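A short worksheet on the structure shown next.
Protein chains: 2
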Amino acid sequence: MEAHGLMADRALLGRTSTAERVAEILRGRIAQGCFPPGARLAEEEITEALGVSRNTLREAFRLLTQERLLVHELNRGVFVRVPDVADVKDLFRVRRYVECSALRAVPQGSEGPAGLAAIAAAVRQGQLVLAAQDLQALGTADIEFHEAISDLTGSARIAELMRGALAELRLVFYVMDNPRWFHEPYLVRNEEILDALASGHGEYAAELLCKYLEDAEQQLLAAYGSAHTGKRAEHLK
Amino acid sequence: MEAHGLMADRALLGRTSTAERVAEILRGRIAQGCFPPGARLAEEEITEALGVSRNTLREAFRLLTQERLLVHELNRGVFVRVPDVADVKDLFRVRRYVECSALRAVPQGSEGPAGLAAIAAAVRQGQLVLAAQDLQALGTADIEFHEAISDLTGSARIAELMRGALAELRLVFYVMDNPRWFHEPYLVRNEEILDALASGHGEYAAELLCKYLEDAEQQLLAAYGSAHTGKRAEHLK
DNA sequence: GCATATTTGTCCGTATGTATA
DNA sequence: CTATACATACGGACAAATATG
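Chains A and B, in that order, are what the protein sequence lines are. Sequential numbering of the first sequence, starting at 17, is according to the working numbering. Sequential numbering of the second sequence, starting at 17, is according to the working numbering.
Next comes the structure, spelled out in structure tokens:
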């Protein structure tokens, strides 16, 4: 028992709204993979570990369910979402719509150097992380790169949509056995896109990204095909 | 007291999950304007009227808060969102991104007649409603038209985003003193867009819609400017 | 500025219904 | 089919914050 180390988080528990703080903690644990896709989040275990009441925890569950990180099955409890093939396709359809449009609009958009700086920072971060051999952080860096692209739209609402979509994407990454092998080629393509963007070729950058997304989708869908047999018994406990 | 007629909805209360049913009821009441923007939703009053416990009602509040229909102020309660100028701008920026892209992609997209039928139905509905002088339903018909356009993207995720955005738009409509005068010109433009789409001119339809959205945004922002002084004391009670 | 009443935030205990072993 | 475990929903309690006079 106590395989996820929630006890250590109890110290963080003492500032704003309890339910949101609990949600924040669980979000982090899910991103880290302490609760992998398909895992069930038992009410009693977590209330005990965090020292909050069931009502409060359930409010946190609602928040995360709305973010699509958890799925709620009536009278059965909440589970970490296991994205299926349709989810992956939808995810990439959204990304093509939003991210590519964002790049195309960048010459006309008012977001000049401010947005580019965030993208450049994400690229640098990816290179650092790769050198440091921190495989878990590779996904994070990639996601931050795409969040920065989405922010070019200048819409808080779209930014939120993409934050959610990319968080869900992290669950998809979970099917990849070797994160490094998967992420490494995309890091250099991230840099190419940044360069195209920095030199004012937004249309070309969008084209690069579009191909990039199609490749990534194909690769993930292929991984799904081969992973569908195993990978499950451990999560269902 | 009891100015919103919630008692009548008690009969509908008996199927799936209580919190969601409560949320559905409140959603409807907000759309109808029984709870106008800025109105506070008191816990005790509603628990009494609907016959549900406070915990259950609070869960329903969470759902609607996540949908941006309600805003939650710590230790003060929940209120129907009052969209500000920034909200309106963001709302229309999203609409231009999503709806116009959806129209542009329609010739290549696999959604042929299926999606068009839904759009045509919404246009017809708008004409019926106009004839029937049902001013409240005018906004609904217009919203359904744009939902149908968003569905052309074929992404469940984007469809959900737009459902939420358009529900919030209804709150914006609330500042218009005369719904008919506001909506009527757009009904004919809806029809023009449908015609362009039906004859395969997706690019032209997108152009029409883009202008349409800019006009509507300007008109609503102008209404906001003049309404900012009055319109408030009644809601804050 | 102060005291009071109201309302929310949080937690608990329990009864009922549902799914799974 | 029974038993167990769990989620749902209710009602009550008290502290804390807010609104009211």
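Even for Gly, the Cβ is constructed at its ideal location relative to N, Cα and C. Keep in mind it's a predicted model, so treat the numbers as computed, not measured.
Are residue i and residue j close, meaning C-beta to C-beta below 9 Å?
i                      : j                      : result
residue 205 of chain A : residue 224 of chain A : yes
residue 57 of chain B  : residue 94 of chain B  : yes
residue 300 of chain B : residue 119 of chain B : With chain B covering 17 to 253 only, the question about residue 300 of chain B has no answer from this structure.
residue 182 of chain A : residue 200 of chain A : no
residue 161 of chain B : residue 138 of chain B : yes
residue 112 of chain A : residue 229 of chain A : yes
residue 142 of chain A : residue 203 of chain A : yes
residue 121 of chain A : residue 218 of chain A : yes
residue 157 of chain B : residue 167 of chain B : no
Taking only three categories from DSSP, how would you classify residue i?
i                      : result
residue 73 of chain A  : helix
residue 34 of chain B  : helix
residue 186 of chain A : helix
residue 145 of chain A : helix
residue 176 of chain B : helix
residue 92 of chain B  : coil
residue 97 of chain A  : coil
residue 196 of chain B : helix
residue 57 of chain A  : strand
residue 87 of chain B  : strand
residue 216 of chain A : coil
residue 121 of chain A : coil
residue 167 of chain A : helix
residue 49 of chain B  : coil
residue 204 of chain A : helix
residue 110 of chain B : helix
residue 211 of chain A : helix
residue 191 of chain A : coil
residue 150 of chain A : coil
residue 253 of chain A : Residue placement at residue 253 of chain A is poorly supported in this model, since its pLDDT is 34, which falls under 50; the coordinates still yield a value, given next. Residue state, collapsed to three classes: coil.
residue 68 of chain A  : coil
Out of the options, which has the shortest C-alpha to C-alpha gap to residue i?
i                      : options                       : result
residue 241 of chain B : B/81, B/101 and B/93          : B/101
residue 133 of chain B : B/234, B/207, B/226 and B/173 : B/207
residue 116 of chain B : B/62, B/105, B/220 and B/45   : B/220
residue 103 of chain A : A/210, A/66, A/187 and A/193  : A/187
residue 152 of chain A : A/189, A/227, A/234 and A/71  : A/189
residue 236 of chain B : B/193, B/141, B/211 and B/226 : B/193
residue 171 of chain B : B/226, B/135, B/136 and B/114 : B/114
residue 179 of chain B : B/149, B/159 and B/146        : B/159
residue 81 of chain A  : A/154, A/40 and A/175         : A/40
residue 33 of chain B  : B/239, B/72, B/238 and B/149  : B/72
residue 135 of chain B : B/154, B/105, B/209 and B/150 : B/209
residue 155 of chain A : A/63, A/140 and A/198         : A/198
residue 140 of chain B : B/227, B/211 and B/62         : B/211
residue 92 of chain A  : A/55, A/234 and A/105         : A/55
residue 234 of chain A : A/150, A/222 and A/105        : A/105
With 16 as the cutoff for other CB atoms within 10 Å, does residue i come out buried or exposed?
i                      : result
residue 99 of chain A  : buried
residue 231 of chain A : exposed
residue 169 of chain A : buried
residue 36 of chain B  : exposed
residue 184 of chain B : buried
residue 215 of chain A : exposed
residue 70 of chain A  : exposed
residue 130 of chain A : exposed
residue 44 of chain B  : exposed
residue 173 of chain B : buried
residue 148 of chain B : exposed
residue 30 of chain A  : Per-residue confidence for residue 30 of chain A stands at a pLDDT of 36, beneath the threshold of 50, marking its modelled position as unreliable; no derived number is given.
Assuming residue i and residue j form a contact by the criterion Cβ under 8 Å, report the distance between their Cβ atoms to the nearest whole angstrom.
i                      : j                      : result
residue 53 of chain B  : residue 97 of chain B  : 6 Å
residue 68 of chain A  : residue 38 of chain A  : 6 Å
residue 85 of chain A  : residue 46 of chain A  : 6 Å
residue 76 of chain B  : residue 42 of chain B  : 6 Å
residue 146 of chain A : residue 177 of chain B : About 33 Å; that fails the 8 Å criterion.
residue 239 of chain A : residue 191 of chain A : 5 Å
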